[in-house]
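Data first, discussion second: the structure below is written as structure tokens.
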Amino acid sequence: MDLASDSDRVGQLQTQTRDLKHAIGGLGDLFPGSLVEYFRKCGNANCHCAKKTSKGHPGFIVTREVRGKTSTKTVPSHAVERVRTATEEYKRFRQLSHELIEASAELGELQLRETGAEEDVKKNRTRRRVRG
Numbered sequence: 028m029d030l031a032s033d034s035d036r037v038g039q040l041q042t043q044t045r046d047l048k049h050a051i052g053g054l055g056d057l058f059p060g061s062l063v064e065y066f067r068k069c070g071n072a073n074c075h076c077a078k079k080t081s082k083g084h085p086g087f088i089v090t091r092e093v094r095g096k097t098s099t100k101t102v103p104s105h106a107v108e109r110v111r112t113a114t115e116e117y118k119r120f121r122q123l124s125h126e127l128i129e130a131s132a133e134l135g136e137l138q139l140r141e142t143g144a145e146e147d148v149k150k151n152r153t154r155r156r157v158r159g
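The opening residue of the sequence shown carries number 28 in our numbering; numbering runs sequentially from there.
Next up, the structure:
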């Protein structure tokens, strides 16, 4: 790439990183993990879940990794939507963070390349001879 297109790309990346930081700042509550719906049978012979065609009673759990182990928590029915929104926001946070890191890395490389071009010009100075 030439220097002009590099500086254009630097401007694009600076805008992109600024927009990504703004998007990350606008996220709501975050909950790392996965919301999972499950079905269980209660064991009551008169219940609808005792039929072979029934899946059972629905419930929700959220799973996540804590210090290398899977943690599972039951989610009450009144909190399902809040937890669902928070887990989706966390996934969005991870995606935006990944994009920000990639853009920042590319920006850093371009800035190093520009600095390196300036350094190459400075390197060609005449050197003093050391007598020994």
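Ideal Cβ positions, reconstructed from N, Cα and C, are used throughout, including at glycine.
For clarity, every value in this text was computed on a predicted model and none was experimentally measured.
Spanning the alpha carbons of residue 130 and residue 119 requires a straight line of approximately 16 Å.
Of the candidates 38, 36, 48, 39, 48 places its Cα closest to the Cα of residue 125. Spanning the alpha carbons of residue 60 and residue 76 requires a straight line of approximately 29 Å. In this structure the stretch 48-58 does not touch the stretch 67-81; the number of beta carbon pairs closer than 8 Å is below three.
For residue 96, the enclosing beta strand (DSSP E) stretches over residues 96-102.
In this structure, DSSP gives residue 61 an extended state, which the three-state scheme calls strand. The stretch 61-73 and the stretch 84-94 touch, with three or more beta-carbon pairs separated by less than 8 Å.
Non-local beta-carbon contacts of residue 98 in its own chain, meaning distances under 6 Å to residues more than five positions away in sequence, involve 91 in chain order. In this structure, the CA atom of residue 33 is about 48 Å from the CA atom of residue 107. Put simply, of 52, 127, 69 the residue whose alpha carbon is nearest the alpha carbon of residue 82 is 69.
Short of 8 Å from the beta carbon of residue 110, and not among the five residues preceding or following it, lie these beta carbons of its own chain, in chain order: 58, 62, 87, 89, 102. Beta-bridge analysis with DSSP links residue 91 to 98.
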